[in-house]
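In the numbering used here, the protein residues as written are 23 to 191. Even for Gly, the Cβ is constructed at its ideal location relative to N, Cα and C. Shown next, in structure tokens, is the structure this report addresses.
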């Protein structure tokens with residue numbers, strides 16, 4: 023009986039990963055530029071998702087649950103990488119998100135470069151905003167008030183706008 027339950031659990035988890043692999047990839051890409059290290063980060067995210075999967079609460083959206091875990095793992099990953107000071111730290115300084123498409127818009131490259139310069143919480147909020155989430159959804163994922171999210175988004179937008187203005191002058 024427990025083998026059947028384990029098989030059902032594994033199948034449900036694999037389906038969840040299949041349906042959300044792009045989301046996981048985007049979050050990992052925002053925190054790790056190097057493709058080899060990004061694979062390791064994605065693996066860490068999947069491991070944490072698997073560990074937390076049996077306790078998943080259906081009251082919340084699956085995407086909210088994935089965002090929260092993926093962001094927490096990515097932020098921890100970033101902290102570990104900074105403390106190790108590996109040779110690939112130059113990637114973090116010149117961060118430009120890499121996607122599967124070859125011809126990426128220059129403004130998007132700059133945007134992600136600027137996002138990488140933000141504090142961890144601000145970066146996570148803006149990544150979620152770029153994914154199309156509203157303030158309430160971001161609030162639920164990040165565990166901060168909706169008004170705090172709104173204030174932070176406005177301040178970050180102003181900061182990013184100033185950075186773009188400096189580039190264009």
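- Nearest neighbour of residue 50 by Cα position, chosen from 68, 34, 40, 35, turns out to be 68.
- The three-state reading of DSSP puts residue 155 in coil, since its state is none of H, G, I, E or B.
- Here residue 145 is buried. Its C-beta has 16 or more other C-beta atoms within 10 Å.
- When C-beta atoms of the segment 85-93 are compared with those of the segment 154-167, three or more pairs fall below 8 Å, so the two segments count as touching.
- Of the residues 38, 32, 175, the one whose Cα lies closest to the Cα of residue 83 is 38.
- If you draw a 10 Å sphere on the C-beta of residue 52, you find 16 or more other C-beta atoms in it, and that means buried.
- When only Cα atoms are considered, residue 75 and residue 147 end up about 24 Å apart.
- For a cut-off of 8 Å, the C-beta gap from residue 180 to residue 168 is around 19 Å, too long to register as a contact.
- In the DSSP assignment, residue 167 falls outside any alpha helix (DSSP H) and carries neither an H nor an E.
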